[in-house]
Structures are given as C-alpha cells and as structure tokens.
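Residue numbers (the working numbering), protein chains in the order written: chain P, 1006 to 1360; chain H, -18 to 244; chain S, 170 to 466.
Backbone N, C-alpha and C define an ideal beta-carbon position, used for all residues, glycine too.
Comments concern the structure below.
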Amino acid sequence: MNNRSRDLALNSLALAALAAFLYWAHTSFDGYKIQILNLIAVNAILALSLNLIYGFTGMFSLGHAGFMALGAYTSAILILPSAQKQMMWIIEPLIWPLSVMNAPFFVAVLAGGLVAAFFALLIAIPVLRLGGDYLGIATLGFSEIIRVVLTNLNFITNGALGIKGIPSYANLWWNYGWLLLTTFFIVRLINSNFGNVLKAIRDDEIAAKNMGINTFFYRVLSFTIGAFFAGVGGALLGSLVTTIDPMMFRFVLTFNILMITVTGGLGSISGSIIGSVVITVLLEWLRIVESPMTIGSFAIPGIPGMRMVIFSLALILIILFRREGIMGMRELSWDMLFSRGSRARNHDEEGEDRR
Amino acid sequence: MTSAPILKLENLTMRFGGLAAVSELSIDVPRGAIVGLIGPNGAGKTTVFNMVTGFYRPTHGRVVFDGDDITGLQPHIICRSGISRTFQNIRLFSHETVLENVMIGCHVRRRSKWWSAPLGLPSFKEEEERIRRKSLDLLESVGLAEYAGETSSSLPYGAQRRLEIARALATDPKFLLLDEPAAGMNPQESQDLMAFIRGVQKRFGLTILLIEHDMKVVMGVCEYIWVLDYGVKIAEGNPEAIQSNQKVIVAYLGEEYVKYAES
Amino acid sequence: MSGSLFVQHLFNAVTLGSLYGLIAIGYTMVYGILRLINFAHGEVFMLGAYFVFFGISLFHLPWGVAVIGSIAVSSLCGIFVDRIAYKPLRSAPRISALISAIGVSFLIQNLAIVIFGGIPRPVARPDWLVQVMKVGEVRIIPLAIVVPLVTLALVLGLLWIVYRTKPGLAMRAISKDIETTRLMGVSVNKIIAFTFGLGSALAAASGIMWALRYPQIQPFMGLVPGLKAFIAAVFGGIGSIQGAVIGGMLLGLIEIMAVAFFPQLSGYRDAFAFVLLIIILLLKPTGLMGEKLEDKI
Chain P
1006 MNNRSRDLAL NSLALAALAA FLYWAHTSFD GYKIQILNLI AVNAILALSL NLIYGFTGMF
1066 SLGHAGFMAL GAYTSAILIL PSAQKQMMWI IEPLIWPLSV MNAPFFVAVL AGGLVAAFFA
1126 LLIAIPVLRL GGDYLGIATL GFSEIIRVVL TNLNFITNGA LGIKGIPSYA NLWWNYGWLL
1186 LTTFFIVRLI NSNFGNVLKA IRDDEIAAKN MGINTFFYRV LSFTIGAFFA GVGGALLGSL
1246 VTTIDPMMFR FVLTFNILMI TVTGGLGSIS GSIIGSVVIT VLLEWLRIVE SPMTIGSFAI
1306 PGIPGMRMVI FSLALILIIL FRREGIMGMR ELSWDMLFSR GSRARNHDEE GEDRR
Chain H
-18 MTSAPILKLE NLTMRFGGLA AVSELSIDVP RGAIVGLIGP NGAGKTTVFN MVTGFYRPTH
42 GRVVFDGDDI TGLQPHIICR SGISRTFQNI RLFSHETVLE NVMIGCHVRR RSKWWSAPLG
102 LPSFKEEEER IRRKSLDLLE SVGLAEYAGE TSSSLPYGAQ RRLEIARALA TDPKFLLLDE
162 PAAGMNPQES QDLMAFIRGV QKRFGLTILL IEHDMKVVMG VCEYIWVLDY GVKIAEGNPE
222 AIQSNQKVIV AYLGEEYVKY AES
Chain S
170 MSGSLFVQHL FNAVTLGSLY GLIAIGYTMV YGILRLINFA HGEVFMLGAY FVFFGISLFH
230 LPWGVAVIGS IAVSSLCGIF VDRIAYKPLR SAPRISALIS AIGVSFLIQN LAIVIFGGIP
290 RPVARPDWLV QVMKVGEVRI IPLAIVVPLV TLALVLGLLW IVYRTKPGLA MRAISKDIET
350 TRLMGVSVNK IIAFTFGLGS ALAAASGIMW ALRYPQIQPF MGLVPGLKAF IAAVFGGIGS
410 IQGAVIGGML LGLIEIMAVA FFPQLSGYRD AFAFVLLIII LLLKPTGLMG EKLEDKI
C-alpha cells in the first residue's frame, strides 16, 4: 500500500526530528525548561495509560496515584545504592533483600511497572465487577489504601519521611524513550481488532458479551496494562524529582492526569500527548499567579491556591462546554495533516504523528 | 422431524420475584429451519431469548443446544458455542465504523493472543488481514460494503438492522435469534427483509428463530411457530394452523372482541 | 479494657458516627435522585465550619445566629453548585457530571485556601460544651451527648419532610422515575435544588459539630470525612436515608473500636473505610438497606 510506506517514511522522519530537537534542547536549554520537557513526557505516559483504561475501555478509574506510587517506590529502592539505603532508613532499617538489591535503571522502571500491574491485577478481580462511578470511588479508595500503607510500612518505604536523593537517571532520553515505547505499544494494541474489542466494551458491554467477548477478561487486561504504564510513569517521575514521600501521591495527582486525558480527548492517543504538552506548560505557567509580582510600583503578593483554582475552573469549563476535549475521539494522522480523505478513524492510518 | 433438534428448551421457567415471566416452556427447534416465537406484548418472548443467550439464568429448566446443556452459561461462552442474536432496540457499537462493528464479531473465533498485537507477530498480522477480509465479505453479502468506513450510528435505520445481523453472522453461528427484525420498517422494507432473512438462512445454512409482531413477516418466512401468552405456550404449529387457532386469536384480540366479532 | 473506658469509646464512636451519618444523608439523597456522587459535598461540610467561625470571630455574631446563618449560606452554596456544575450535564453521560463534581471539589478547596488561608486554624469552643463530666468512672464532655442528640433531631426532622410533606413526596417520586414525575407536573429542578439544599444544610451542621469536636479547621478538612461518609452511604444502601445514618454509625464504631482494641492499627485508621468499601461492594453491592438497580436488556 502506498500510504503505508509513505507513513512509515514520515514517521521515521518525525522520530529523527524529535531526536534532533531533544539533542538540541539537551545542550542549549536551561535546567528549568529541560525539566518541563521531561514532565511533558512523563505526563504523556500517564495520560496515555489512563486513556487506555478510561477513554478506550470506558472504566472510570481514579487509582492512578496509587499505581504511580507503587512504581516510584519500587524503582527508587532498586536504583538507590545500598550504602545510601543504610543511612536513610532511620525509623526502621530497610529489610533484607531489598536493602542489597540493585538494578540498572531500565530494569528498575520495568519492575516498577510490573509491581503496579501486579497490584492492579489483585484489585481488578474484585473491583472491576463494578461499573461507572462506583468503580471510580473503589479505585480512589485503593489508591488511598496504598498511601496509608506506604506511610506505615517503615521497613520498606521509610514511612512518612519518604526517600530522598534518588539518582536522577530520568533524563530526556530515558523519558522520551519510554514515551515512545508506551505510545508504540498502545497504538499497536488500539489499532488492532483487540482495540476494537476494548472500544466495544466501552460502547455497549451487553452487546460485547453477546459478540462472544469475555468482557471481564478484557477489562482486567486493559486495567492491568494501564496500571503498568502508570507504574512506569511513577518510576520515571520519582527519578526525575529525586524525592518521594506518601504525601506526593495524593488524589490531586490523579486529578492532574485526569485533567490531561479529558483535555486531550477521551479515546484519542494524539489527544493525550497534545493534552500533556498543553496542561504541563499551563501548570508551570500558572506558577506565576502564586509568586509575588511587581507591576510598575505595585507589589502584588503571591496568592497560594490560585493556581489550582484556575486549573479546576478550567476542568469544569471543559466538561461543561467542550466535553470532547481538544481531539474528541479523533487522531492526528498524516492523512489528516495532508487533509486528504481526512476520515480520521479510517483504519489504514496506522501512523500517528508522535509529537 | 428427521434429525435431532438444534435447540431444546425443557420446562424453562423464569421468575422475577413472584412474577413468572416464562413458565414451563418446552420447545424443540428443528435444525435448518426458520421458525417464529410470537405473542402479545409482555408475553415473555425476549425473556426466552435472554435465557437462551445467557443474559438471564433460568429459575429452572434446561437449555440444550446441539446436544450440550448450556443452561446458565455466560453469554460469551454461549456465543462461542454457536448462538448469536440481535436486540429489539438495536445495540450497535455506536462510535465504531460499520466495518469495525463486524470485525468485533469476528473476534470470538480468533486464535492469536492479545500480546501478539504490540509485538506485531506475522501470524497476528495475517489473522488481522483475514478478519478484515471476512468482514468486508460479510458487508458485501448484506449490501453494506459501501458504508464500511462510516460510523455505525450514521446509518439509516434499516441498514442498522442489517448491520446488526451481519455482526451476528461474523461470530460464525449455527443458530441465529432475531428480536423483532422488522420493527419500525415500512411494508416495502419488511418485504425486503423477508427475502434477506431467507437468503441469509440459505447462504450460511443456519437455523433462525425470530420474534416478530409483523404477522406478514412471521407468516411469510416461518415454517413453524410457537405462541406465548403470559409466559405460557398456548399454541404451536405451521402458519396456517396458528392463523386459525382460537386461543391465539383470543390472546391477541381479547375474549370480548372475539365474542363480539362472532355474534 | 475496663468497662468505663469502653463506654467512653462508645460515646466517641457514636459522636463520630453521627457526624458521618449527617454527611452521608446528603450523598444518599443526591445519588438516589440523580445517580451522581456529589464529590463537592465534603467541601460544603468544610464551608459550614468556616462560616460559623468567621461569623463569630470577624462579625462577632452570637453563637446561635452564626450557626443558623452558616447552615443557610452553606445550603445556598450546595444549590449553587448544582445549578452551575451539574444541571447543565443532566443529559450528559453520568461520568461527565462526576468529573465536573471532582472539579468543583478542588475548586472550592483551593478557593478556601485563597480566601481563608491554607494554614489550620484553632477553634475556640464554648466552655460548657467541653467541661469534662464524671459519671461514675466514665469521663465525658457534654459535646459527646449534644452531637448525637442534635443529629437525632435533624434526622427526625428530615424524615418528617421526606415522608410527610409534598416536596418530600416529590423527592421520593423523582428517585423512582424522574421522567414520569416530570410528566405529572412536578417541577423537577426545584425539587432537585431543594434536595441539594437539605443535604448541604445537614453537611454544614456536621461540619460545625466536627469543628467543635476536633477543634481545628482547614481547607482540606472535608475531603477525607466526605469520602468516608460516601462509603457509609454505600454501606447503608445508597438511596436510603435510614441506611446512611446506620452506615455512618457503623463506620464510626468500626474506626473507633478497631483502634481501641488493636492500638497497633492506629496508623491504618484512614484505610479502614476503603477496605470496608471494597468488602461491601464484593459481598452486597446494594448495601444494608438498598434496592437493586437492574440493567435492562
């Protein structure tokens, strides 16, 4: 097919452009801007994982902060040098074998994802029988339980003190590498007939069962894969900010991810990526309103809380006036960009623009 | 009947609280026929469908399909064993395209596992291609090929009905249940539908059981008919026998009316 | 554990349970009618507490006036939230309204930080409410008796409204079938607003008593009690007012008694409710007194 080879070429080109941009940013951006670029990648991974669960499979989950916490703690413990672990766990020492276990960063992030996926599987079996809002509250409850447990299991998590000085391996290359891997995995899955099956469950679960689909299996599957990537995102975030504690994984973290996913468009992969660029930049930009300013001779003191006021107001306005977000269920594709036959949901368009 | 019945319902009963929606229903559906289940509104017809396809677990009684007891099995397992259905109020996957709707129906027969999709294994790609081709063929055979890329909810009503049947056929059923396929159709459309149902039955060698209120359709396509009233079977037979059956006329028109008409 | 200590714990449990129960009623009434988890309900609870203590310290209102005023204003806040954030979404998918509710919850919390300040504030309590009384070996404060009594009075009043008045009849009708009720000429939106108003008033009352019992107020104080009260409502059977009160009481008992008997569990106290939720949803999703909602095929 002509389109396929064209898309393949264009995708490779886009990847090369992204790599060149990252290389350029790496050498010429200041630390703050690089941090924002890093956050965009991590948020995009998290938004994609929530979109798989909620946007594509229709399961309203509010458990993301919990899965991120599991990923972040797992990976942090695996990449901290043993000597540092001995010094840091002051309430109770870290139990053996965790105290001596070490892994390369890639393995540690992978392990973070796997631990999150494992717990997702455990919780999925009872909780995914529920639908709609009950599922949301039950997963939020699960996430809170994780937080309470992390606060109390001193001999694994160092309790409320958290873990400091996590090696900051998560640079642009790692973060965007994982983002590409996540996007690739989810795009492949969603564009296959398995993706159609997930969307069928979202649209009409009864009809999906009638079509011979084991809807419970696929719900658990989608939830577990989503949790895996949430764990990966959490692991990267932990290494990015180098300090984690249970307070970091409160509900507001899930709220931010939900905001990105909804803004980008539920059921749109390119939407999640665009959404994470928009929201991450917006969130950083809004820090201005909380810091003191001087306009001319007026000194305006910073207003704490104002950032989240604007942010939550924005979410309400989106839900009230533009529920489909930026992209709706459409995808950005090469065909669409060249605006020919721009049926966005045509199956021949496997290639998405990745940025 | 020459061969063993494809579907046997034995004393099938469904109670909701104290109310018996279906009681002690026994039916033998002959293989390879088009047959009908009729009755006034609320007679329990759809409840029978829901029990056969696994959405309700019967209070008691058995559903035997092709010699196997399938009573109370989950809907997706019943589908895999070869029963498919349509719904009274069309239930398409409204955000998916016409083609995707049919492809979803093909899923139940697929072999490759989910993880072969992200890995992009050759066997997976072959199967995806096979599913796509099979779905396009099915769309061709129901006359919807030109709409393949449209969103299913944008189709006209009659086409949605046909798409729902095509989607059911994609599961490779041996036995197809149609719940009021002619509902909302004008006489011309119902006429076409009858030809369509006969065509599908022949082409795929199916047994078809349909619920229908349009008596022209029922009498036109069904070889054999069962009549339910208040969950109880009150008559069975070929169309001629049903049309002249006193009990059936009373059930439909009410005793008073029949007395009035006779006098 | 000595008998007197047990009685003290029992009083604590009933107090906490009453406060949960009052919040839970608002959740259960709104869910019964709209199938919506009013996520911002916990924030009304917080506002109730703030309004009273600002009324007293800023405007030097007498106690009674401050309490009544706070309940009235909170009640209006609840109605306003419905009007702005939920009403336009009545015909949208249910989860959209829930996301809107989550947004409102965060909005109010952060508005409270902006307006009232983020730091916790101590609450000055009238002396007579907290003077320790000794009844035999049992040491309790009058508040531990006042809270359950006020709760009882409020619940009885509410039940009277729901089962003996016209608006109450309309509320019950809407929870059975909103469309039919509309066709019968009931002004559905007014009744829904009325329901939000009632629920918010009870949440504010709970918030005020909470601030007296645990004398500190801060903008996030509504989040955890709100979530727990929703769980209490699910426990009791969503849609049932009596169920919400019973669920709240049982949750209060579980939280206090589990820690009383197993002090080593005290760090996990905030997790009990969520574990309970998962267990209920597994064993009896309709709760203790709820009715089953069936999918139509």
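As a quick exercise: from the options, pick the residue whose alpha carbon is nearest that of residue i.
i	options	result
residue 1281/P	1108/P, 1186/P, 1087/P and 1262/P	1262/P
residue 437/S	179/S, 457/S, 449/S and 423/S	423/S
residue 192/S	202/S, 209/S and 386/S	209/S
residue 456/S	432/S, 410/S and 323/S	410/S
residue 1169/P	1244/P, 1129/P and 1096/P	1244/P
residue 2/H	-12/H, 39/H and -11/H	39/H
residue 67/H	34/H, 92/H and 91/H	34/H
residue 1266/P	1026/P, 1025/P, 1030/P and 1066/P	1066/P
residue 95/H	1272/P, 1226/P and 1258/P	1226/P
residue 213/H	199/H, 18/H, 161/H and 65/H	18/H
residue 1319/P	232/S, 269/S, 441/S and 459/S	269/S
residue 100/H	1186/P, 1100/P, 1211/P and 1287/P	1186/P
At which residues does the beta strand (DSSP E) containing residue i begin and terminate?
i	result
residue 205/H	205 to 210
residue 1299/P	1298 to 1300
residue 34/H	No beta strand (DSSP E) holds residue 34/H; DSSP gives it neither H nor E.
residue 1143/P	Element bounds for residue 1143/P: not the beta strand (DSSP E) but the alpha helix (DSSP H), 1137 to 1157.
residue 104/H	Here residue 104/H belongs to no beta strand (DSSP E); instead the alpha helix (DSSP H) covers 103 to 122.
residue 155/H	Looking at the DSSP string, residue 155/H is not in any beta strand (DSSP E), and its letter there is neither H nor E.
Quick one: which chain P residues come within Cβ less than 8 Å of residue i?
i	result
residue 101/H	1193
residue 283/S	1308, 1309, 1310, 1311 and 1314
According to DSSP, what are the bridge partners of residue i?
i	result
residue 291/S	385/S
residue 217/H	207/H
residue 10/H	-12/H
residue 49/H	46/H
residue 41/H	-6/H
residue 303/S	308/S
residue 350/S	Note: residue 350/S sits in no beta bridge, so no partner.
What does residue i reach in chain P if we use C-beta pairs closer than 9 Å?
i	result
residue 252/H	The structure shown does not extend to residue 252/H, since chain H is modelled only from -18 through 244, so no value can be given for it.
residue 254/S	1321, 1324 and 1325
residue 46/H	Result: empty, since nearest Cβ-Cβ is about 14 Å, beyond 9 Å.
Which bits of chain H does residue i rub up against, with CB to CB less than 9 Å?
i	result
residue 1061/P	The premise fails here: residue 1061/P is roughly 10 Å from chain H at the closest Cβ pair, so nothing lies under 9 Å.
Can you pull the chain H neighbours of residue i, defined as C-beta to C-beta under 7 Å?
i	result
residue 1214/P	56 and 57
residue 1050/P	Those do not exist, as residue 1050/P stays about 15 Å from chain H at its closest Cβ, beyond 7 Å.
residue 1190/P	99
With a threshold of 16 other CB atoms inside 10 Å of the CB of residue i, please say whether the residue is buried or exposed.
i	result
residue 1327/P	exposed
residue 1090/P	buried
residue 1138/P	buried
residue 177/S	buried
residue 1092/P	exposed
residue 296/S	exposed
residue 1359/P	Confidence in residue 1359/P is poor, its pLDDT being 40 and thus under 50, which makes the residue's placement unreliable; the coordinate value appears in the next sentence. Residue 1359/P should be labelled buried.
residue 1356/P	The pLDDT assigned to residue 1356/P is 40, lower than 50, so where the model puts this residue is not dependable, and the model offers no usable value.
residue -15/H	exposed
residue 1354/P	Model confidence at residue 1354/P stands at a pLDDT of 38, short of 50, so the residue's coordinates are unreliable and nothing is read from them.
residue 1111/P	exposed
residue 1323/P	buried
residue 214/S	buried
residue 181/S	buried
residue 26/H	buried
May I ask which residues mark the beginning and end of the alpha helix (DSSP H) holding residue i?
i	result
residue -10/H	No alpha helix (DSSP H) holds residue -10/H; the beta strand (DSSP E) holding it covers -12 to -3.
residue 1315/P	1311 to 1326
Closer than 8 Å by beta-carbon distance: list the chain H residues that pair up with residue i, in chain order.
i	result
residue 1334/P	76
List, in chain order, every chain P residue whose beta-carbon is nearer than 7 Å to that of residue i.
i	result
residue 98/H	1193, 1194, 1197 and 1199
residue 257/S	1325
residue 263/S	1137 and 1138
Residue i touches chain S at which residues, Cβ-Cβ below 7 Å?
i	result
residue 1260/P	271 and 275
Along chain S, in chain order, which residues have C-beta atoms closer than 9 Å to that of residue i?
i	result
residue 1143/P	443, 446, 447 and 450
residue 1343/P	Under the 9 Å cutoff, chain S gives no residues; its nearest Cβ is about 33 Å from residue 1343/P.
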